[in-house]
Amino acid sequence: MRYPLLTALALVLAVPAAAQGAKESMPISTPVEALKPGEWVWYDAVAPEGPSMLIVNLSTQRAQLYRNGVRIGVTTVSTGKKGKATPTGIFTILQKKKEHYSNLYNSAPMPYMQRLTWDGIALHAGNLPGYPASHGCIRMPMAFAQKLYGATSLGMTVIIADDKTDTTYIRDAGMFLPIDPTASTDLEDMRYRWQPEKSPEGPVTILVSRADSQIVVLRNGKEIGRSKVRFPEGAIGTHAITLAAVENGIERWQYIELPGSGDVSGAPFDRAQFASIGMPRQFRLDVRSVLVPGTTIYGTDDPIVKSKTGKTLTVIKDSSQPE
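Spelled out as structure tokens, the structure:
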């Protein structure tokens, strides 16, 4: 028992006391916008189990953790400063280390590090001056970072947006409803790849790009499927839809409106438009078979790319660790 205690003490001492933030949660009734730098709220008893997702808002300098579709925590953060902007988009947690030191910035301490990219972007405890001040990472109060570390798992979805994010609930996500055998939108002439054995378990993320006419399925951050798709006329906007729960056979999806980089940034989610996206019938069935609570569908008019930074959304990050 002595060594874990020493490790925890070392993590605390690695960050100056003034920078560690509040040691205790603020009252549950505290409005999100009223939190001062370093303050946070944690109330995980309202949803003790279920899939989790973290939403980071660069504009408000806040991060909110949802479990089973219910918000269980919110904190103030400090993200990338000018010239070192935190990338926006959808990510998965690639690596976790309680004690970590920066390889890029003079071995700076990064307690409770949760890596989002292999080129230096991570969640971790750090200084919170009340404005963006990091080299691209998302800094959090020490006590909140510790709680978050214990509540997350590898492959969990993290969404980073630079504008307002609204969260609502819908009954279904449209494109993966039970299949109508007569539906003309299931196009058998399209080629696809389906290799679920490449990642047999873990959180599922589905990326749909109008620019590329492609859908990509990731499980635990690794690609297991890809197909060409056919879109109806009109832009789809930028949206994230997460399967929050399945109750009595009925799916409950959590819809998050995200700012996009196109002309239709902020366009409302059109369920009928998503439902009419065409793809091979068998691929649709294969994808349907891996939908579990925690699955996130991310739709965008932007292309699917390996890496983008700044205000352009990162749609895919390579999950394989560099040599």
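In UniProt numbering, the protein residues as written are 1 to 323. Each residue gets a CB set at the ideal place from its N, CA and C atoms; glycine is no exception.
Host alpha helix (DSSP H) of residue i (start-end)
i	result
residue 142	142 to 151
residue 285	281 to 289
Identified DSSP bridge partners for residue i
i	result
residue 227	192, 215
residue 114	96, 123
residue 278	230
residue 49	Residue 49 is not bridged to any residue.
residue 130	DSSP, once it has assigned bridges, lists no residue as partnering residue 130.
residue 85	DSSP output for residue 85 lists no bridge partner at all.
residue 43	For residue 43, which the question treats as bridged, DSSP gives no partner whatsoever.
Where residue i sits in the DSSP three-state scheme
i	result
residue 198	helix
residue 273	helix
residue 20	coil
residue 34	helix
residue 266	Reliability of the predicted coordinates at residue 266 is poor, the pLDDT of 48 falling under 50, and the value obtained from them is presented with this limitation in mind. Residue 266 falls in the coil class under three-state DSSP.
residue 309	With a pLDDT of 35 at residue 309, under the threshold of 50, the modelled position of that residue is not reliable, and no figure is offered here.
Enclosing beta strand (DSSP E) for residue i [first to last residue]
i	result
residue 57	52 to 57
residue 80	Residue 80 -> no beta strand (DSSP E), and no H or E assigned at all.
residue 242	239 to 247
residue 294	Unbroken run through residue 294: none, as it is neither H nor E.
residue 64	62 to 67
residue 73	70 to 76
residue 236	First-last for residue 236: undefined, no H or E at that position.
residue 108	Looking at the DSSP string, residue 108 is not in any beta strand (DSSP E), and its letter there is neither H nor E.
residue 205	204 to 209
residue 28	Note, residue 28: premise wrong, no beta strand (DSSP E); not H, not E.
Cα-Cα separation between residue i and residue j, rounded to whole angstroms
i	j	result
residue 303	residue 215	11 Å
residue 210	residue 112	37 Å
residue 66	residue 284	28 Å
residue 207	residue 72	26 Å
residue 277	residue 90	21 Å
residue 94	residue 221	7 Å
residue 28	residue 76	15 Å
residue 83	residue 296	30 Å
residue 20	residue 48	26 Å
residue 200	residue 293	16 Å
residue 101	residue 273	46 Å
residue 40	residue 127	14 Å
residue 134	residue 236	33 Å
residue 227	residue 290	15 Å
residue 59	residue 162	5 Å
residue 240	residue 160	11 Å
residue 140	residue 243	27 Å
residue 61	residue 37	9 Å
residue 56	residue 23	21 Å
residue 52	residue 157	8 Å
residue 99	residue 146	11 Å
residue 198	residue 298	21 Å
residue 153	residue 117	15 Å
residue 32	residue 129	17 Å
residue 87	residue 121	8 Å
residue 279	residue 213	10 Å
residue 234	residue 223	28 Å
Within-8 Å CB hit, residue i to chain C
i	result
residue 114	Annotation note: the requested chain C is absent from the structure, which comprises a single protein chain.
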